[in-house]
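A.B. asks: Per UniProt numbering: the sequence shown = residues 1 to 254. Here it is, the structure, as C-alpha cells.
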Amino acid sequence: MEVQDSNNEESPKTTQNPSQADHSSWSTGFSSSSTTPQKWSPQSLQDKNRKSAFQPYKLCSTSTTVLTNLQRGNTQAETLIPKTAELTFHMKAGQGELTTQDILKEDDVDVLDDKGLTALHWSSAYGQYSTVELLLNHKADVNKLGPDEDTPLIFAASGGHHEVVKILISSGADVNHVDHLCNSPLMYAAKGNHPHTCQELLSQGANFGLVNLNDDTALSIATESNCTAAQVIIENYIISFMENSTKIEEDQRM
C-alpha cells in the first residue's frame, strides 16, 4: 500500500491535507493485474493512477524570484519571517502534534473532517503512536468507520505501523473488519509488504482465509504483488496453523 519493511514500517511520513481527497478515484479491489496499490497509504501518496486521500499541505512559501532579485541587486535584503499554515485538529493528529488541550476544545473526540475521517484515522495512518495513545485515552472510537468503511486499524496496517496496530488491537480494534471492498487489515499489510505488521495481525487472530471482492486472499495478494517478505510470513503462519490443526486432530483420535 515498499519492501524496506525493517527500516520503514514505523517511520512517520510527511503529513498531508485531505481537503482535496477524491474517494471516487480509489479502485475497486486488489487484483493481479494491478501495478499500484488501490488504497491510500503513507508510502504511496501520489501514484500516477489515482489521487491520495491526503493531499500535501499548502504551506506559505517565499517567492523563488526573491533570491534572483537579491543576486541582481534589484531587491534590498531584509529578514524574511516565514508564514505557517494554521493546522486543523486532524492535521495536528497526523503530524503527532495533538495535545490534551486540543482534544478538550472539541465537543467530540471523534469529530469528522470534511471527508469523514477522525483524528484517530489520521494519527493511525501516519504511525503517530503517542497521538493514537492520547486519543484512545480520551475514548476515541477505535472502530470508527470512514467513508469507505475503513477503520483506523486498516490505515495503520496499510502503512505498516505495527506498533500502532498493536495498541489499536489491544484497545478493541476488530482485526478482521473489512472495508467496502471486503479488504481486511491483513490484506493491506500484505499488499504493502509489511511483514512485521502481518505477523502482528496474524498473532492477534487475523483470518488469513478471508476473500475480497476479487476473490483474493492476503496470501494471493502478496504473491501476485511480489511482496515476498509478507508472503513468507503468511505462508509460514499457514503451514504452522495446519500442522497444529493436524496434531490436534491426531490427539483427539487417540
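Beta carbons are placed, not taken as given, at the ideal position from N, Cα and C, and that holds for glycine.
Got a sec? Which residues, its chain only, sit under 7 Å from Lys139 by beta carbon, not counting five neighbours each side?
C.D. replies: Numbered from its first residue, the sequence shown carries residue 139 at position 139. Around Lys139: Val109.
A.B. asks: Within 10 Å of its beta-carbon, does Ile239 have 16 or more other beta-carbons around it, so buried, or fewer, so exposed?
C.D. replies: Residue numbering aside, residue 239 sits at position 239 when the sequence shown is read from its first letter. Exposed: under 16 other Cβ atoms inside 10 Å.
A.B. asks: Pro152 and Lys115 look like a contact to me (Cβ under 8 Å); what is the Cβ gap, rounded to whole Å?
C.D. replies: In the sequence shown, counting from the first residue as 1, residue 152 sits at position 152. In the sequence shown, counting from the first residue as 1, residue 115 sits at position 115. With 8 Å as the limit, Pro152 and Lys115 do not qualify as a contact, their Cβ atoms being about 14 Å apart.
A.B. asks: Quick check on this structure: which residue in Thr99, Val111, Ala222, Met187 has the alpha carbon closest to the alpha carbon of Gln128?
C.D. replies: Looking up residue 128 in the sequence shown gives position 128. Checking every option, the nearest Cα to that of Gln128 belongs to Thr99.
A.B. asks: Just the Cα atoms here: how many angstroms apart are Asp150 and Thr118?
C.D. replies: By one-based count along the sequence shown, residue 150 stands at place 150. By one-based count along the sequence shown, residue 118 stands at place 118. When only Cα atoms are considered, Asp150 and Thr118 end up about 11 Å apart.
A.B. asks: The alpha helix (DSSP H) that contains Glu163, what's its start and end?
C.D. replies: By one-based count along the sequence shown, residue 163 stands at place 163. Taken as a continuous stretch (DSSP letters only), the alpha helix (DSSP H) holding Glu163 covers 162-170.
A.B. asks: Beta-carbon within less than 7 Å of Asp179's beta-carbon, same chain only, minus the 5 sequence neighbours each way: which residues are those?
C.D. replies: Position 179 of the sequence shown, counted from the start, is the residue given in the question as residue 179. Answer for Asp179: Asp148, Glu149, Asp150, Ile154, listed in chain order.
A.B. asks: Within 9 Å of any Cβ in chain B, is that where the Cβ of Asp216 sits?
C.D. replies: Within the model displayed, chain B is absent; a lone protein chain is all it includes.
A.B. asks: Can you list, in chain order, the residues of its chain with a C-beta nearer than 7 Å to that of Ser130? Leave out the 5 residues immediately preceding and following it.
C.D. replies: Here residue 130 refers to the residue found at position 130 of the sequence shown. Excluding residues within five positions, the ones whose Cβ falls inside 7 Å are Gly96.
A.B. asks: If you draw a straight line from the C-alpha of Asp22 to the C-alpha of Ala222, how long is it?
C.D. replies: Stepping through the sequence shown from its first residue, residue 22 is reached at position 22. Stepping through the sequence shown from its first residue, residue 222 is reached at position 222. Because the pLDDT of Asp22 is 35, which lies under 50, any placement of that residue in the model is unreliable, and the question is left without a value.
A.B. asks: Count the other CB atoms, across all protein chains shown, that sit within 10 Å of the CB of Leu104; report buried if there are 16 or more and exposed otherwise.
C.D. replies: Position 104 of the sequence shown, counted from the start, is the residue given in the question as residue 104. The residue is exposed, with fewer than 16 neighbouring Cβ atoms inside 10 Å.
A.B. asks: Using only alpha-carbon positions, find the residue among Cys198, Gly159, His177, Glu106 that is nearest to Val142.
C.D. replies: Position 142 of the sequence shown, counting from 1, holds the residue named residue 142. Val142 has its Cα closest to that of His177, out of Cys198, Gly159, His177, Glu106.
A.B. asks: Taking Leu213 and Ile234 to be in contact with their CB atoms under 8 Å, please state how far apart those CB atoms are, rounded to whole angstroms.
C.D. replies: One-based indexing of the sequence shown puts residue 213 at position 213. One-based indexing of the sequence shown puts residue 234 at position 234. Actually they do not touch by this definition, with Cβ atoms about 20 Å apart.
A.B. asks: Taking the alpha-carbon positions, what's the Asp102 to Asn244 distance?
C.D. replies: Numbered from 1 along the sequence shown, position 102 holds the residue referred to as residue 102. Numbered from 1 along the sequence shown, position 244 holds the residue referred to as residue 244. Distance between the alpha carbons of Asp102 and Asn244 is about 49 Å.
A.B. asks: Going straight from the alpha carbon of Pro195 to that of Ser184, what length do you get?
C.D. replies: Position 195 of the sequence shown, counted from the start, is the residue given in the question as residue 195. Position 184 of the sequence shown, counted from the start, is the residue given in the question as residue 184. Each residue's Cα considered, the two are about 15 Å apart.
A.B. asks: Could you pull out every residue in the same chain whose Cβ sits closer than 6 Å to the Cβ of Ala206, ignoring the five residues on either side in sequence?
C.D. replies: By one-based count along the sequence shown, residue 206 stands at place 206. Closer than 6 Å at Cβ, skipping near neighbours: Val175, Leu186.
A.B. asks: In three-state DSSP terms, what is Leu135?
C.D. replies: Residue numbering aside, residue 135 sits at position 135 when the sequence shown is read from its first letter. Here DSSP, grouped into helix, strand and coil, assigns Leu135 to helix.
A.B. asks: Would you mind working out which of Leu145, Leu168, Gly160 sits nearest Ala229, comparing C-alpha positions?
C.D. replies: Start at 1 with the first residue of the sequence shown, and residue 229 comes out as number 229. Ala229 has its Cα closest to that of Gly160, out of Leu145, Leu168, Gly160.
A.B. asks: In this structure, does DSSP put Ser184 in helix, strand or coil?
C.D. replies: Locating residue 184 in the sequence shown gives position 184, counting from the first residue. Residue state, collapsed to three classes: coil.
A.B. asks: Who are the Cβ neighbours of Glu133 in its own chain at under 8 Å, not counting the five residues just before and after it?
C.D. replies: For the purposes of this step, residue 133 is taken as residue 133 along the sequence shown, with counting starting at 1. These residues qualify, in order along the chain: Ile167.
A.B. asks: Would you please state the rounded distance, in angstroms, between the beta carbons of Val164 and Leu201? I believe it to be under 8 Å.
C.D. replies: Within the sequence shown, residue 164 is the residue found at index 164, counting from 1. Within the sequence shown, residue 201 is the residue found at index 201, counting from 1. About 12 Å; that fails the 8 Å criterion.
A.B. asks: Please confirm whether Tyr188 and Phe208 have their CB atoms less than 9 Å apart.
C.D. replies: Along the sequence shown, read from residue 1 onward, the residue named residue 188 stands at position 188. Along the sequence shown, read from residue 1 onward, the residue named residue 208 stands at position 208. Taking 9 Å as the Cβ cut-off, Tyr188 and Phe208 do not qualify as a contacting pair.
A.B. asks: On the premise that Ala125 lies in contact with Gly172, defined as a C-beta separation below 8 Å, what is that separation, rounded to the nearest angstrom?
C.D. replies: Your numbering for residue 172 matches position 172 in the sequence shown. Your numbering for residue 125 matches position 125 in the sequence shown. Not quite, the Cβ-Cβ distance comes to about 19 Å (not below 8 Å), so this is no contact.
A.B. asks: For my contact list, His162 and Thr197 are in at a C-beta cut-off of 8 Å; report their separation, rounded to the angstrom.
C.D. replies: By one-based count along the sequence shown, residue 162 stands at place 162. By one-based count along the sequence shown, residue 197 stands at place 197. About 4 Å separates the two Cβ atoms, so the contact holds.
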